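Heads up: the structure comes next, in structure tokens.
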Amino acid sequence: MQHINSAYINGNWYPLKGTDTFSLINPATENCVAEVTMASVADVEVAIDAAKIALSSWSNTPNHKRAEYLNAIADEMQARYDDLVEAHVLSMGCPSHLVGAYHLDCAIEAMRYYAELAPMVDKVEQRENNLITKQPIGVCALINPWNYPLHQLVGKLAPALATGCTLVIKPAEQTPLADIIMAEIVHKIGLPAGVFNLLFGHGHEIGPVMAEHPKVDMISFTGSTRAGIEVAKNAASSVKRVCQELGGKSAYIITEDADIEAAVRYGVEDVMANTGQTCNALTRMLVPKSRYEEVIKIAKQVAEEQVVAEPNQADATMGPLASAQQYKIVKDYIQIGLDEGAELLVGGAERPENLDKGFYIKPTIFTKVTPKMHIAQEEIFGPVLCILEYNDLEEAIEIANDSQYGLSSGVYAKDQAAALPIAARLEAGQCYIQGSYFSMHAPFGGVKQSGNGREWGEEAMHEYIETKAIICP
Ligand code: NAD
């Protein structure tokens, strides 16, 4: 078994002083993969100091030079592709043949995309006599969840490096392996010391220190709404910028005249991808009463086509849930759904028959779900789809917007022209129409309790940029 005792701070592997450890469990085998030392508050101070010291030099590095570093990181990520695949298999149980598509390819491309955007920070706009300039916001604390470890990291790291910020990064306790490879990569390509600092730790212990710290200028947090609120409260005393990317319970409206076969297939596959652990998954499918029988027939068929299997099985479409904790949460929600009167179309809380260990769960679909049920309002974060019926489009839009969340949404109508006006009325930061997929060029983020940040696209650069106006005579 591996022991991970060191963080990457100030360009070196730094022995953590914390005494507590966290056991990394392979969710497919339930075996311990590694013991990870959790950082102490003193370790966090060392990392923040390193980032602060490195800031002046890094932020003054010419943008073309910063872009070269980003491209070099992308090259090295490509060279370490197999290691990054293994990290996702070991820590998340993702089927190995799907890791590239779900977790790696976009992350590598994104490093190159933000390299191209690096000059943005030096653009000066002249407005009347005034010069509107930009500068990197400074030292940034990045806190991430476990469901897309590399993708989430790169969504923050790439624009932050491109703008000239320095970083202190804390991955989720369960998934440090991809981040460690990224530290090895930045070390190999010679990123200046102190620009990229990585440590591991319990969110409730070191998260508040990162959020409160006066030397941290901005905190970008992705995770649950509960922890996001804590981060914002802790950050308030130092008046730093807070970027929150939080939970979701996204609605997906299928209209009466849509291609039902294509729409339902897309919707079910969307929820089952990454074993349902996707913040923007379209987990509430709203279907017209008139097409209900057809919908459930197709939905059942698509769910039954899913292959829940060990990550190395070539035809696996779903691996286990990422942790024992998540396994319990999802099983409990399935029971809650049954208790509140929803009907199981397929799936359930028992482990699939072909597997006798691991945190595996069956693709699960509930029908007869009503809008106020817990399973219709709360994020389950597993492969559990709720199907709700509606009478007319007005009712569908009302049900869709009846949520504390507003991360994503979807519409499948007769065609794009019919989908667009419905998309415009949905209270969410994104809307996927006619079966479309994630694009790193599109800003990603929520409204309501799904957060206030925007990652990806050019908008991600603005999270790490401060505007400075120079008023000329
Ligand atoms: P979580 O909030 O428990 O943990 C996320 C991270 O926050 C971890 O690194 C954790 O250690 C840290 N943390 C926990 N408490 C903290 C505190 N008080 N202060 C600072 N940091 C703290 O969430 P999770 O279970 O790891 O992740 C799943 C959640 O993340 C879901 O709600 C999902 O929707 C959300 N998510 C959102 C997005 C998005 O872009 N909007 C993307 C992925 C996941």
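Numbering (numbering that gives the first Met the number 0), first residue to last: 0 to 472.
In this text, a Cβ means the ideal position worked out from N, Cα and C, and glycines have one as well.
Predicted model only: the values in this text are computed from it and were never measured.
May I ask you to list the residues that DSSP assigns as paired with residue i?
i: PHE220; result: ILE142 and GLN243
i: VAL410; result: ILE252 and ILE432
i: CYS31; result: ILE24
i: GLY450; result: GLU244
i: MET317; result: VAL307
i: MET0; result: BP columns for MET0 are empty, so no partner.
i: ASN11; result: ILE8
i: PHE358; result: The partner list for PHE358 (beta bridge, DSSP) is empty, contrary to what the question assumes.
i: TYR389; result: PRO287
i: PHE365; result: LEU343 and CYS385
i: LEU197; result: TYR7 and ILE168
Does at least one heavy atom of ligand 1 sit under 6 Å from the Cβ of residue i?
i: PRO171; result: The amino acid at residue 171 is misidentified as Pro; the sequence shows Ala. Because some heavy atom of ligand 1 lies under 6 Å away, the Cβ of ALA171 counts as near it: yes.
i: CYS278; result: yes
i: ILE218; result: no
i: SER289; result: no
i: ALA109; result: no
i: PRO144; result: yes
i: ALA321; result: no
i: SER223; result: yes
i: ALA226; result: yes
i: GLY246; result: yes
i: HIS102; result: no
i: GLY229; result: As written in the sequence, residue 229 is Glu, which differs from the Gly given in the question. Correct: GLU229 has its Cβ closer than 6 Å to ligand 1.
i: GLY206; result: yes
i: GLY202; result: yes
Considering only residues of the same chain and omitting the five flanking positions on each side of residue i, which have a CB-CB separation below 6 Å?
i: ALA71; result: ILE188
i: SER39; result: LYS16 and GLY17
i: ALA210; result: ILE218, VAL230, ASN233 and ALA234
i: LEU343; result: none
i: PRO158; result: TYR113, ALA459, MET460 and TYR463
i: THR174; result: SER90, TRP145 and PRO148
i: GLY336; result: PHE365 and ILE374
i: SER402; result: LYS248
i: ALA109; result: VAL153, ALA157 and MET439
i: GLY456; result: HIS440, ALA441 and PRO442
i: ALA140; result: VAL167, MET209, VAL215 and ILE218
i: VAL98; result: VAL84 and HIS87
i: CYS430; result: SER408 and ALA422
i: GLN151; result: ASN143 and THR221
i: LEU425; result: ALA399 and SER408
Hey, residue i and residue j are a contact pair by Cβ (cut 8 Å); roughly how many whole angstroms apart?
i: TRP57; j: VAL194; result: 5 Å
i: PRO362; j: VAL345; result: 7 Å
i: ALA474; j: GLN276; result: With the chain represented from 0 up to 472, any question about residue 474 goes unanswered, as that position is not in the structure.
i: VAL32; j: THR20; result: Not quite, the Cβ-Cβ distance comes to about 13 Å (not below 8 Å), so this is no contact.
i: ALA53; j: ALA192; result: 7 Å
i: ASN390; j: LYS288; result: 6 Å
i: TYR311; j: SER95; result: One point to set straight first is that residue 311 is Asn, not Tyr, in the sequence displayed. With 8 Å as the limit, ASN311 and SER95 qualify as a contact, their Cβ atoms being about 6 Å apart.
i: GLY222; j: ILE107; result: That pair is no contact at about 24 Å.
i: VAL368; j: ILE396; result: Incorrect: roughly 17 Å between the Cβ atoms, too far for contact.
i: ILE136; j: ARG240; result: 6 Å
i: GLU268; j: VAL301; result: 6 Å
For residue i, which residues from the same chain have a beta carbon less than 8 Å from its beta carbon, with the 5 sequence-adjacent residues on both sides left out?
i: LEU266; result: Position check: residue 266 holds Gly in this sequence, whereas Leu was assumed. For GLY266, where only same-chain residues beyond five positions count, the Cβ hits under 8 Å are TYR251, ILE253, LEU281, MET284, ALA298, LEU384, GLY409 and TYR411.
i: ASP314; result: VAL306 and ALA308
i: ALA339; result: It is Glu, not Ala, that sits at residue 339 in the sequence shown. Cβ neighbours of GLU339 beyond the five flanking positions: MET372, HIS373 and ILE374.
i: GLY434; result: ALA261, ALA262, TYR265 and TYR411
i: CYS471; result: ASN128, ASN129 and LEU130
i: HIS201; result: ASP19, PHE21, MET37 and GLU172
i: TRP111; result: Reading off the sequence shown, one finds Arg at residue 111, where the question assumed Trp. Here the set comprises LEU69, ASN70 and ALA73.
Just to confirm my understanding: we take residue i, look at its own chain, exclude 5 residues before and 5 after, and list those with CB closer than 7 Å. What are they?
i: VAL270; result: ALA280, LEU281, THR282, PRO382 and LEU384
i: GLY247; result: CYS278, ASN279, GLU378, TYR404, LEU406, SER407, GLY445 and SER449
i: ILE184; result: ILE72, GLU75, MET76 and ARG79
i: SER452; result: The question names Ser, but residue 452 in the sequence shown is Gly. Here the set comprises SER219, CYS242, GLN243, GLU244, GLY444 and GLU462.
i: GLU260; result: ILE297
i: GLN334; result: ALA348
Consider the C-beta atom of residue i and the heavy atoms of ligand 2; say whether any pair is separated by less than 6 Å.
i: CYS105; result: Ligand 2 is absent from the structure shown, which contains only ligand 1.
- prompt: Taking contact to mean at least 3 C-beta pairs separated by less than 8 Å, is the stretch 160 to 173 in contact with the stretch 113 to 121?
  reply: In short, these stretches touch, since the Cβ pair count reaches three.
- prompt: Is the stretch 44 to 51 in contact with the stretch 229 to 246, if contact means three or more CB pairs nearer than 8 Å?
  reply: Result no; under three Cβ-Cβ pairs closer than 8 Å.
field: Three CB pairs or more closer than 8 Å across the stretch 247 to 260 and the stretch 408 to 420
entry: The stretch 408 to 420 and the stretch 247 to 260 touch, with three or more beta-carbon pairs separated by less than 8 Å.
field: Stretch-stretch touch, CB-based, cutoff 8 Å, three pairs: the stretch 92 to 110 with the stretch 210 to 222
entry: Output reads no: the stretch 210 to 222 does not touch the stretch 92 to 110.
- prompt: Hey, is the stretch 138 to 147 in contact with the stretch 442 to 459, meaning 3+ C-beta pairs nearer than 8 Å?
  reply: No, because fewer than three Cβ pairs between the stretch 138 to 147 and the stretch 442 to 459 fall closer than 8 Å, the two stretches do not touch.
- prompt: Taking one C-beta from the stretch 122 to 133 and one from the stretch 23 to 30 each time, how about it: are there three or more such pairs within less than 8 Å?
  reply: No, because fewer than three Cβ pairs between the stretch 122 to 133 and the stretch 23 to 30 fall closer than 8 Å, the two stretches do not touch.
query: For the stretch 196 to 205 against the stretch 0 to 14, are there 3 or more C-beta pairs whose distance is under 8 Å?
result: Using a Cβ-Cβ distance cut-off of 8 Å, the stretch 196 to 205 and the stretch 0 to 14 are in contact, since at least three pairs of beta carbons, one from each stretch, lie closer than that value.
- prompt: Any chance the stretch 326 to 333 sits against the stretch 287 to 294, with 3 or more Cβ pairs inside 8 Å?
  reply: The stretch 326 to 333 and the stretch 287 to 294 do not touch, with fewer than 3 CB-CB distances between them shorter than 8 Å.
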